[in-house]
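2 protein chains.
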Amino acid sequence: MTAAAVRGAGYFERHRDRFEGARQACAVRNCWSPFPELPAKYPDAAAAQARGLAAFQAHLGSDAPRLFELDQPGEADTLGEEVSPYTQAALGIRYCRADPDRLFDAAANALGDWSRVPVDTRIGVLMEVVDRLYREHLFEIAHAVMHTAGQSFNMAYTGSGVNALDRAIEALVYAHQAQHAVTPQAHWERQFGPSTIALQKTYRLVPRGVAVCFSCASFPTWNAWPSMMASLATGNAVIVKPHPATVLPMAISVRVFRQVLQEAGFDPNLVTMAPDSRDAPLGKILVRHPRTAMVDFTGSVQFGQWVERNAYPALSFTETAGCNTVVLESANDLDAALRSLATTLCMFSAQMCTSPQNIYVPARGVRTPSGTVALDEVGRRLAAAVDALCREPKKAAMILATIQSPQTLALLAQMQQQGAQRGQVLLAPRSYPHPEFPQARTSTPLMLQVGKGERDLYGEERFGPVSFVIACDDAADALAQATRDAREFGGLTAFLYSEDEGYVAQAEQAYAQAGAQLTINRTGAMPLNFAAAYSDYHVTGLNPAGNAALTHLAFVANRFCVTQSRRPLAPPVPIPPL
Amino acid sequence: MTAAAVRGAGYFERHRDRFEGARQACAVRNCWSPFPELPAKYPDAAAAQARGLAAFQAHLGSDAPRLFELDQPGEADTLGEEVSPYTQAALGIRYCRADPDRLFDAAANALGDWSRVPVDTRIGVLMEVVDRLYREHLFEIAHAVMHTAGQSFNMAYTGSGVNALDRAIEALVYAHQAQHAVTPQAHWERQFGPSTIALQKTYRLVPRGVAVCFSCASFPTWNAWPSMMASLATGNAVIVKPHPATVLPMAISVRVFRQVLQEAGFDPNLVTMAPDSRDAPLGKILVRHPRTAMVDFTGSVQFGQWVERNAYPALSFTETAGCNTVVLESANDLDAALRSLATTLCMFSAQMCTSPQNIYVPARGVRTPSGTVALDEVGRRLAAAVDALCREPKKAAMILATIQSPQTLALLAQMQQQGAQRGQVLLAPRSYPHPEFPQARTSTPLMLQVGKGERDLYGEERFGPVSFVIACDDAADALAQATRDAREFGGLTAFLYSEDEGYVAQAEQAYAQAGAQLTINRTGAMPLNFAAAYSDYHVTGLNPAGNAALTHLAFVANRFCVTQSRRPLAPPVPIPPL
Chain L
1 MTAAAVRGAG
11 YFERHRDRFE
21 GARQACAVRN
31 CWSPFPELPA
41 KYPDAAAAQA
51 RGLAAFQAHL
61 GSDAPRLFEL
71 DQPGEADTLG
81 EEVSPYTQAA
91 LGIRYCRADP
101 DRLFDAAANA
111 LGDWSRVPVD
121 TRIGVLMEVV
131 DRLYREHLFE
141 IAHAVMHTAG
151 QSFNMAYTGS
161 GVNALDRAIE
171 ALVYAHQAQH
181 AVTPQAHWER
191 QFGPSTIALQ
201 KTYRLVPRGV
211 AVCFSCASFP
221 TWNAWPSMMA
231 SLATGNAVIV
241 KPHPATVLPM
251 AISVRVFRQV
261 LQEAGFDPNL
271 VTMAPDSRDA
281 PLGKILVRHP
291 RTAMVDFTGS
301 VQFGQWVERN
311 AYPALSFTET
321 AGCNTVVLES
331 ANDLDAALRS
341 LATTLCMFSA
351 QMCTSPQNIY
361 VPARGVRTPS
371 GTVALDEVGR
381 RLAAAVDALC
391 REPKKAAMIL
401 ATIQSPQTLA
411 LLAQMQQQGA
421 QRGQVLLAPR
431 SYPHPEFPQA
441 RTSTPLMLQV
451 GKGERDLYGE
461 ERFGPVSFVI
471 ACDDAADALA
481 QATRDAREFG
491 GLTAFLYSED
501 EGYVAQAEQA
511 YAQAGAQLTI
521 NRTGAMPLNF
531 AAAYSDYHVT
541 GLNPAGNAAL
551 THLAFVANRF
561 CVTQSRRPLA
571 PPVPIPPL
Chain H
1 MTAAAVRGAG
11 YFERHRDRFE
21 GARQACAVRN
31 CWSPFPELPA
41 KYPDAAAAQA
51 RGLAAFQAHL
61 GSDAPRLFEL
71 DQPGEADTLG
81 EEVSPYTQAA
91 LGIRYCRADP
101 DRLFDAAANA
111 LGDWSRVPVD
121 TRIGVLMEVV
131 DRLYREHLFE
141 IAHAVMHTAG
151 QSFNMAYTGS
161 GVNALDRAIE
171 ALVYAHQAQH
181 AVTPQAHWER
191 QFGPSTIALQ
201 KTYRLVPRGV
211 AVCFSCASFP
221 TWNAWPSMMA
231 SLATGNAVIV
241 KPHPATVLPM
251 AISVRVFRQV
261 LQEAGFDPNL
271 VTMAPDSRDA
281 PLGKILVRHP
291 RTAMVDFTGS
301 VQFGQWVERN
311 AYPALSFTET
321 AGCNTVVLES
331 ANDLDAALRS
341 LATTLCMFSA
351 QMCTSPQNIY
361 VPARGVRTPS
371 GTVALDEVGR
381 RLAAAVDALC
391 REPKKAAMIL
401 ATIQSPQTLA
411 LLAQMQQQGA
421 QRGQVLLAPR
431 SYPHPEFPQA
441 RTSTPLMLQV
451 GKGERDLYGE
461 ERFGPVSFVI
471 ACDDAADALA
481 QATRDAREFG
491 GLTAFLYSED
501 EGYVAQAEQA
511 YAQAGAQLTI
521 NRTGAMPLNF
531 AAAYSDYHVT
541 GLNPAGNAAL
551 THLAFVANRF
561 CVTQSRRPLA
571 PPVPIPPL
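If you read the protein sequences in the order shown, they are chains L and H. Here the numbering used here is used: the first residue of the first sequence is 1, the next is one more, and so on. Here the numbering used here is used: the first residue of the second sequence is 1, the next is one more, and so on.
1. Which residue comes first and which comes last in the alpha helix (DSSP H) that contains R66/L?
2. Please classify L569/L: is it buried, with 16 or more other beta-carbons within 10 angstroms of its beta-carbon, or exposed?
3. Using CA coordinates, which residue listed in R116/H, Q151/H and L409/H is at the minimum distance from G464/H?
4. Would you please verify whether the beta carbon of R18/H is less than 7 Å from any beta carbon of chain L?
5. Which residue marks the beginning of the beta strand (DSSP E) containing W32/L, and which one marks its end?
6. Nearest chain H C-beta to A525/L closer than 7 Å, yes or no?
7. Quick one: what's got a C-beta closer than 6 Å to T272/L's C-beta in the same chain, skipping five residues either side?
8. From what residue to what residue does the beta strand (DSSP E) around L446/L run?
9. Going by beta carbon distance, what residues of the same chain come within less than 8 Å of A76/L, once the five residues before and after it are set aside?
10. Return the CA-CA distance between G52/L and L138/L, expressed in angstroms with no decimal places.
11. Please name the residue in R18/L, S115/L, A55/L and H15/L whose C-alpha comes closest to that of Q509/H.
12. Residues of chain H with a CB under 8 Å from the CB of D536/L: which are they?
13. With a cut-off of 7 Å, does the C-beta of I197/L fall near any C-beta of chain H?
14. Taking all protein chains shown into account, do 16 or more other C-beta atoms lie within 10 angstroms of the C-beta of S565/L, making it buried, or fewer, making it exposed?
15. Take every Cβ of the region 309–319 of chain L, pair it with every Cβ of the region 307–318 of chain H, and state whether three or more of those distances are shorter than 8 Å.
16. T523/H: buried (16+ other C-beta within 10 angstroms of its C-beta) or exposed?
17. Does the distance from the CB of R167/H to the CB of L550/H come in under 7 Å?
18. Per DSSP, which one or two residues make a beta bridge with G546/H?
19. For L446/H, go through chain L and note every residue whose CB falls closer than 8 Å to its CB, in chain order.
20. Give me the subset of the region 537–548 of chain L whose CB atoms are less than 7 Å from a CB atom of chain H, sorted by chain position.
21. On the three-state DSSP scale, how would you describe Q439/H?
22. What residue from P65/H, A55/H and V83/H has the CA that sits closest to T402/H's CA?
23. What do you get for S152/L, buried or exposed, if any count of 16 or more other CB atoms within 10 angstroms of its CB means buried?
24. Any contact between the region 451–458 of chain L and the region 425–442 of chain L? By contact I mean 3 or more CB pairs, one from each, below 8 Å.
25. Going by DSSP in three states, V271/L sits in which element: helix, strand or coil?
26. Please classify P249/H: does DSSP put it in a helix, a strand, or coil?
27. Is the beta carbon of A507/H sitting closer than 7 Å to the one on L496/H?
28. The alpha helix (DSSP H) that contains V581/H, what's its start and end?
29. List the residues of chain H that L553/L touches, going by C-beta distances under 7 Å, in chain order.
30. Taking E308/H as the query, report the chain L residues whose CB atoms sit under 8 Å from its CB, ordered along the chain.
31. On a Cα-Cα basis, can you pick out the residue from I470/L, T444/L and R135/L that is closest to G453/L?
32. Give a yes or no on whether 7 Å exceeds the smallest Cβ distance from N109/L to chain H.
33. Rank D333/H, L345/H and L338/H by C-alpha distance to the C-alpha of S370/H and give the top, closest one.
34. Short of 8 Å in beta carbon distance, which residues of its chain neighbour H243/H, apart from the five on each side in sequence? Order them along the chain.
35. Kindly list the residues whose CB is nearer than 6 Å to the CB of W225/L, restricted to its own chain and excluding five residues on each side of it in sequence; keep chain order.
36. With a threshold of 7 Å between beta-carbons, can F192/H be considered close to chain L, or not?
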């Protein structure tokens, strides 16, 4: 074993209990996390938050642009165009543009040692990365996510912090399982005619090579961390291609990966970053690069499908988005259901791949214990519930946060205009004043009510706080429309309210076929689209919302290959040289 | 549970011990099989062989064409163009052409029940298929393989019989493992603020849909059975597309699958066959069919790469072929090494995807305990060893068997002409008289000696008994050339003779990177390219010889998806109807 291997084995021992906890959680899929869910419960929280904020601020170029140093090979000129959705001012951070060929060279050089150490050595080093991100960079990354993706501080801490770290560990669990399913050695012995043939066999895990990992603008770490972990744990190298609007969270992450790898005795160029700009995008170049072995992509349906179609011979793992659907058939407590729906429609201004968009309601209304509530009344009450969340700026700031991209505001205006022509505007969007950041880019949700004939309007993801209440013939039609749209246009999540067990059972089957993860009759404190690592599978692969799931074996099992050598057991005999 | 599920569970119990043995073998990869390797050890062998021969003969249309009935939906006119390589006479078997759209319809209809029963029910039914093939059809299939693929009876019994059944069981083991990694249910409970949220979660395994399984002309069952098992065990349906020259073995197989499925209470249209003809090939139509979810392909590198490139959005699993390489650096017993090589070069006239083709030798020769044997002498002695195996017709018939396709004879003539111009003919091919079938299409091997400048000649698979002794600068160059060719042109197997442990270690690393499975210093009774189910991985996915391996988790894990539903634990409250 090399010194690096020995040190890496030490890391595995250090994190063994945490890893074992994760393994058990993945098996039974109960609620588990090694991390406190609330920022206040973080060890020595106030001091850690202050340090995190200071670390974030130290990245900013307040007077002159400031270079974020990664010390990568092949660095050329600099770029950087991040703007905080909270201040609408440039962050002033510059990153070195990197020559992709040099990154591939460096990654290829780094692969050998990394891919040849025992699986647990790699897992140990990557568990150390998780721990380092948690202990030393969590609040710094939370602020970086806030001021690029535009999330609220609490969501940045959880969704882009501890929950994303949980998904990272989860990927390591499956990488461990898939690789340990291959025995490293075997003794094989059989009769062939009168002879006994005895062979010693050695099986080697060989990585695919260099993976390119795209991270998205609104939720950079949640998919990127587990994707990076899946590739690295199986012996590959990773080049991260962050969205140009949201580079800093990944730059901090890449630096931590590089530091821990180097401390463990490995080549830091196993993880590099290839930032680009809107004017000179690198995405297609990287996907089509002859040395790209795998692509992990999170982002739009359109580019995701381009990746799936064009990645060959590279493998692709995509998570995009879609029309997440809601079916309202009946409810024991309709107002509680509408409040839950309203919260989820508002959460981070619906800039989540799990946010609901299309709400299918029978034309005759929704059954409740006190009678049927008419469709128009359901729309009105849902809009009122959303409006109630947006009226108080402090509450709105916590839930809605900001709008990541100015394009989203343009989309809202366009949708409002079309919606007014073709249906009814249930709730018009407006900016709300953020109590801490007066310049914040904000908007309350746009809600429209339309007939099912307006499918071209609601039949694709409208990224941002846009939702549609869709009048359907009846309950059966509502379910048929919703599941058809999820299957055709993509859908990660689905939400159903029904007290009719027969209908629920039909919906479970129909959504299973459509490939959307279904939440039934949930009301109360939990955001409906909350997805728990170790328990909730994210994306099914059965519809256009993506081809890869967080996390099961298929997410990792094809990232490495198995080669073998076999030879007789007899010892070799020396032969004189030429 | 449905009646079918109950019956299926009974099958699993019946075959539990056999399945458990296979599971353990896959874990430790030792030598194991539930089946006797020799035909003579089959239970009541003589009677079984006679019955098998009679069953085969009953398929033949001796006077008039005879229809092979499958009772599939959408049957139209008939086709059939199989010719026995042993008699060069038409088999006279007709198969119903099937309308692919009807097969997809029927498969889609069949999917529901099959995909919803417990995993072990499907595995049990498929273990029953394996058992039925073994107990009732093994010799019938062996004769069918002989008279279509042209294998010897012994190879047809083992390689296309019991070993292929072993690979089928192996695929079931991994399908079992990948699916049981997903718990069917979970209880999840967490605090959100002051509330406790408790959710009951249900996870469903959802198949991809309909898989198309291509089987090849020379080795139909060895890849097709495990591919079918992998798809079916994970809940999918399969349409088999046999090579038009070798339909009968798959037709018998498909009929057995259909019978067992029906007896177990499932829809037999889970497995259908879509035969085609050389004049009206169906392959590309099936790969591009919008309802194809997966493609398993065995055959040429060229068509395999077309499949990989064009299958999207279907997944592809390919096994093609390549330039399998041999490096001769030094040998403790050179003649023993050359005898082993000669046998392997002759085995089924090198019409195996694992047959060696390119033999790389240092220009100065091969080191042995009694001194260095010059390159020309090595070539001469290897040709003599091959010739010795071909001189005695009875022995030749057992080893060489026949030439599956007339095109192979044309290729031999063409290669001989080019080889004579650009190098040296070490051994010229000739027909040998088969002792039992005087009309058999036969050929002894063509062996050429060339310089490494003739890479366009040896740098692709020349399907059939063609091999090249290639003069390299030195030992290092021989290894570099061989591994580069495997990496670039594809290679499943590789064979090394060296008594230098440093060189062996280099070769193990280099071949691991090139993605060819390496056999070192093997002499004696075992054919060098023998691949044992449960122990030897077949194909790595690292070079153009295919993207899928028999068998590890990656072969099965992506054939199904996981969907979930979650709901509060509280019981539902009845609500009056509309």
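Don't be surprised by glycine CBs; every beta carbon is placed ideally from N, CA and C.
Inspection of the coordinates gives the following:
1. Here residue 66/L corresponds to residue number 66 of the first sequence, with the count starting at 1. No alpha helix (DSSP H) holds R66/L; the beta strand (DSSP E) holding it covers R66 to F68.
2. For the purposes of this step, residue 569/L is taken as the residue at position 569 of the first sequence. Exposed, because fewer than 16 other Cβ atoms sit within 10 Å of the Cβ of L569/L.
3. As a working mapping, residue 464/H is identified with position 464 in the second sequence. Out of R116/H, Q151/H and L409/H, L409/H has the C-alpha closest to the C-alpha of G464/H.
4. Walking along the second sequence from the start, residue 18/H turns up at place 18. Judged by the 7 Å Cβ criterion, R18/H is not in contact with chain L.
5. Here residue 32/L is taken as the residue at index 32 of the first sequence, counted from 1. Note, W32/L: premise wrong, no beta strand (DSSP E); not H, not E.
6. As a position in the first sequence, residue 525/L is number 525, starting the count at 1. By this cut-off, A525/L is an interface position.
7. As a working mapping, residue 272/L is identified with position 272 in the first sequence. Result list for T272/L: Q72, L103 and I239, in chain order.
8. Taking the first residue of the first sequence as 1, we reach residue 446/L at position 446. For L446/L, the enclosing beta strand (DSSP E) covers residues L446 to G451.
9. The count along the first sequence starts at 1 and reaches residue 76/L at position 76. Correct list, in chain order: C96, R97, A98 and D99.
10. Within the first sequence, residue 52/L is the residue found at index 52, counting from 1. Within the first sequence, residue 138/L is the residue found at index 138, counting from 1. For G52/L and L138/L, the distance between alpha carbons rounds to 7 Å.
11. Here residue 509/H corresponds to residue number 509 of the second sequence, with the count starting at 1. Closest by alpha carbon: S115/L.
12. Numbered from its first residue, the first sequence carries residue 536/L at position 536. In chain order: K201, Q564 and R566.
13. Numbered from its first residue, the first sequence carries residue 197/L at position 197. At least one chain H Cβ lies under 7 Å of I197/L.
14. Numbered from its first residue, the first sequence carries residue 565/L at position 565. It is buried - the Cβ of S565/L has at least 16 other Cβ atoms within 10 Å.
15. yes
16. Within the second sequence, residue 523/H is the residue found at index 523, counting from 1. Its Cβ being crowded by 16 or more others within 10 Å, T523/H is buried.
17. Position 167 of the second sequence, counted from the start, is the residue given in the question as residue 167/H. Position 550 of the second sequence, counted from the start, is the residue given in the question as residue 550/H. Result yes, Cβ atoms of R167/H and L550/H sit closer than 7 Å.
18. Mapped onto the second sequence, residue 546/H falls at position 546. Partner(s): E319/H.
19. Position 446 of the second sequence, counted from the first residue, corresponds to residue 446/H. By Cβ distance, chain L contributes nothing, its closest Cβ being about 28 Å from L446/H, past 8 Å.
20. Y537, T540, G541 and L542
21. In the second sequence, residue 439/H corresponds to position 439, counting from 1. Coil, per DSSP.
22. The residue you call residue 402/H lines up with position 402 of the second sequence. Cα-wise, what sits closest to T402/H is V83/H.
23. Within the first sequence, numbered from 1, the residue matching residue 152/L stands at position 152. Buried: at least 16 other Cβ atoms inside 10 Å.
24. no
25. Position 271 of the first sequence, counted from the first residue, corresponds to residue 271/L. Strand at V271/L.
26. Here the question's residue 249/H lines up with position 249 in the second sequence. Collapsing the DSSP output to three states places P249/H in a helix.
27. As a working note, residue 507/H is residue 507 in the second sequence. As a working note, residue 496/H is residue 496 in the second sequence. Yes, the pair counts as a contact, with Cβ atoms nearer than the cut-off.
28. With chain H represented from 1 up to 578, any question about residue 581/H goes unanswered, as that position is not in the structure.
29. Counted from its first residue, the first sequence places residue 553/L at position 553. A178, A181, L553 and A557, listed in chain order.
30. By 1-based counting over the second sequence, the position of residue 308/H is 308. Ordered by position in chain L, the residues that pass the 8 Å Cβ test against E308/H are Y312 and P313.
31. Stepping through the first sequence from its first residue, residue 453/L is reached at position 453. It is I470/L whose Cα lies nearest to the Cα of G453/L.
32. Sequence index remark: in the first sequence, residue 109/L carries index 109 (1-based). No, N109/L does not count as interfacial toward chain H.
33. Locating residue 370/H in the second sequence gives position 370, where the first residue counts as 1. Of the listed residues, the one whose Cα sits closest to S370/H is D333/H.
34. Taking the second sequence and counting its residues from 1, one reaches residue 243/H at position 243. Excluding residues within five positions, the ones whose Cβ falls inside 8 Å are F214, S215, C216, A217, P220 and G299.
35. Along the first sequence, read from residue 1 onward, the residue named residue 225/L stands at position 225. So the qualifying residues of the chain are A164 and A168.
36. Here the question's residue 192/H lines up with position 192 in the second sequence. It does: the Cβ of F192/H has a partner Cβ on chain L nearer than 7 Å.
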